[in-house]
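Chains as they are written, first to last, in my numbering: chain P, 10 to 263; chain F, 149 to 477.
Cβ atoms here follow ideal geometry from the backbone N, Cα and C, with glycine treated the same way.
To start, the structure itself, in structure tokens.
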Amino acid sequence: MDPLLKLEGLTVHFSGLKALTDVSFDTHAGEVRAVIGPNGAGKTTLFNAISGYVQPTAGAVHFKGDPIHGLSPHEISSKGVRRTFQNGGLFPELTALENILAGLHTQIDGSFLGIILGTRAAREAERAGVARARKLLDMMDLGFLADQHVKDLSGGQQRMVEIVRTLATEPPLLLLDEPFVGLSPPMRIRMMEIIRKLAGEEGIGILLIEHAIDLVMSSSDIIIVLSSGQKIAEGKPEEVRENHEVLEAYLGYA
Amino acid sequence: MNNTETPMPPKETSISRAHRLFYLIPVMALAIPFVANEYLQFMTNMILVYSVVTVGFNVIIGNLGQLAFANTAFFGIGAYTAAILMVYAGFPFVLAVVAAALIGGLGGFLASVTALRGIRLYYLAIITLAFGELMRWVYLHADGVTKGSDGLQMPKPDFFGISMNNETVKFYVFLLIAVLLIKATSNLMRSRIGRAFVAIRDNEAATASLGIHTARYIILAFVWSGAVVGVAGSMFAALTERVFPESFSLTEVIVHFAMVLVGGTGSIIGSVIGAITLTALPEYFRQFPGMEELFFGIIIVCVLLFLPKGLVSLLQRVSPIFIERFYRD
């Protein structure tokens, strides 16, 4: 099976700092792949390089066989690579419903003139979008939060709204930046279930970043270990756990 | 009002219906000329001009969340465009208004370039203020056309053959223009376009991650704002019938900004409230010498201290009908 996402020798250097050096791996549909590593290992730079927020110094990123490196974030997103943000990528002053609607932006029709004049077609396109956004919230049992400003929601609720927003356009590939951070233990379990379900039932390819190895042991198919911007290991969770180099470099003991 | 696919929760639908009550405001306003004297009518017309100014300015300040102060530039460009075309080219007022919208929109486009180049916050504020001052310099020094500081005297505007030779006729024309522009802006804000504006304000990087071409929407917000404020400029020209460079000074943009803040950022209802408050109250206090500026300052300080979301937030506490959402159902 052709990989969904293919990284070849991805390298990002910031004026002397080698944030990422020669990182290569594939991600497939229906697979949960976790990237772990200590602070400064280059995890977020990796996500930024894939999603267009940082231009790679060298190397290539292919999505469904097409090169996407060098494209801007909105272009990469439109191709079907969607991401979340570590520090919350929501719009705090907007309601949960409005956040989801923003996620549906590219799928809501209506020309500029139609919108300005309030034509029937534009209004109906907008209402169809609203109905879909409500349905998406209901599917995650978040319907009761629709009209709440997301800044007033709990951390866990915010994370769920962001996941719903990211999934709104049914992207084939999802990049989740530390999805477990700040979640209570039961919420973490729920998040793991959601991630497994998205990959297993919906066939979405998931690439996630995580700090702590124990959180990804049970939820990931493949774990990639980054250290100082380099890939030092890749394999099934149990393999990575036994990997001597990983223990030494990442966990700090041998 | 109901969507055919999914039944709407009754609460939202009733709010959408309740929003139609806002049409009663311009309908009731139709009666103002029957009770107002010439002076009050002039002030009411001024409020209409400033309502349009504030609704337009709020798109950039409140919705897009950019500290861009080129608003007097748009206002002045609109006023001079209308005046020049009416004086030298014999344009009817209606066409002058359309031209003011186009040239104001062009001014908005030029101002958006600064924001697109990643110039933000204080830097954007200073650059756009300079844009406004530059335009004032142009009005002063292009005196062959603008008559410089003497001001450009306009012919009496007319509206499809009806002479706008008194405040009452101006009022009805202005009311029509204001209602159309406010309705169009409201439509825009309750669409994916308006959502893109506020999304950029709240988190620009995340907005792009949703496939939204942020640069395009930054330009669009500036162009729309410039066009609306440009029209307000043409109304202002028709109201005062003589256009002076000094009307578009730094003080003027501070007044516009104060109207946005006092009414409520990102709120169309708030914009109108801000325009009414900061046009009417200082005017009222003019009868007490020196009090006008004092009360102008006191109003701003009090509102910002006690009602950071503007006067509209008082109304929002009374009824959810005054809460403006960025979608329609």
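- Taken atom to atom, the span from the alpha-carbon of E315/F to that of V321/F is near 10 Å.
- Around Y62/P, the same chain offers P82 as residues with beta carbons nearer than 7 Å, after the five sequence neighbours per side are excluded.
- Not a single CB atom of chain F sits nearer than 8 Å to the CB of G18/P.
- Between D156/P and E40/P, the gap from beta carbon to beta carbon reaches 8 Å or more.
- Counting along the chain, the unbroken beta strand (DSSP E) around D35/P starts and ends at L26 to T36.
- For K318/F, the closest C-alpha among the options T333/F, T399/F, M191/F and G359/F is that of M191/F.
- For the region 339-356 of chain F, the set of positions with a beta-carbon nearer than 8 Å to some beta-carbon of chain P reads S339, R340, I341, R343, A344, V346, A347, R349, D350, N351, A353, A354, T355 and A356 in chain order.
- Between M169/P and M149/P, the C-beta gap is smaller than 8 Å, which places the two residues in contact.
- Per DSSP, T20/P is one residue of the beta strand (DSSP E) stretching across L14 to F23.
- In the three-state DSSP reduction, T178/P falls in the coil class, being neither helix nor strand.
- Of the candidates A406/F, W372/F, T294/F and A326/F, T294/F places its Cα closest to the Cα of V235/F.
- Cβ proximity to chain F below 7 Å picks out nothing from the region 207-224 of chain P.
- Using a Cβ-Cβ cut-off of 8 Å, P65/P does not count as an interface residue toward chain F, since no Cβ of chain F sits closer than that to its own.
- The C-beta distance from V90/P to S120/P rounds to 27 Å, too long to meet the 8 Å contact threshold.
- Chain-order list of chain P residues neighbouring H361/F: H83, by C-beta distance under 7 Å.
- Check the Cα spacing between I208/F and each of L463/F, V408/F and L453/F: the tightest is with V408/F.
- At least one CB atom of chain P sits nearer than 8 Å to the CB of L336/F.
- For the pair L16/P and V70/P, the CB atoms are nearer than the 8 Å cut-off.
- Residues of chain P with a Cβ closer than 7 Å to the Cβ of A332/F are, in chain order, I125.
- An exposed status is given to N185/F, since fewer than 16 other beta-carbon atoms sit within 10 Å of its beta-carbon.
- As DSSP reads the structure, R92/P sits in a beta bridge with L184/P.
- Scanning the region 82-165 of chain P for uninterrupted beta strand (DSSP E) segments of 3 residues or longer gives 90-92, listed from N- to C-terminal end.
- Measuring C-alpha to C-alpha distances from Y171/F to each of A230/F, I330/F and N219/F identifies I330/F as the nearest.
- The contact set of I117/P on chain F, defined by CB atoms closer than 7 Å, consists of R340 in chain order.
- The DSSP-derived three-state label of E219/P is strand.
- Proximity of H37/P to chain F, defined by a Cβ-Cβ separation below 8 Å, is not satisfied.
- By the CB criterion at 8 Å, G244/P and I232/P fall inside the cutoff.
- In the structure shown, A278/F adopts helical secondary structure according to DSSP, grouped into three states.
- Comparing C-alpha distances from G68/P to each of A130/P, A177/P, D31/P and G112/P shows the shortest one belongs to D31/P.
- Non-local C-beta neighbours of I204/P in its own chain, meaning closer than 8 Å and more than five positions away in sequence, comprise V41, L185, P188, I215, L217 and S228, ordered along the chain.
- Excluding five sequence positions before and after F100/P, the CB atoms of its chain that fall closer than 6 Å to its own CB belong to N108, given in chain order.
- Look at L328/F: its C-beta is not under 8 Å from any C-beta on chain P.
- Taking a Cβ-Cβ threshold of 7 Å, the residues of chain P close to L358/F are S86, A111, G112 and H114, in chain order.
- Judged by beta-carbon spacing, A227/F lies beyond the 8 Å limit of S373/F, meaning their Cβ atoms are not closer than that value.
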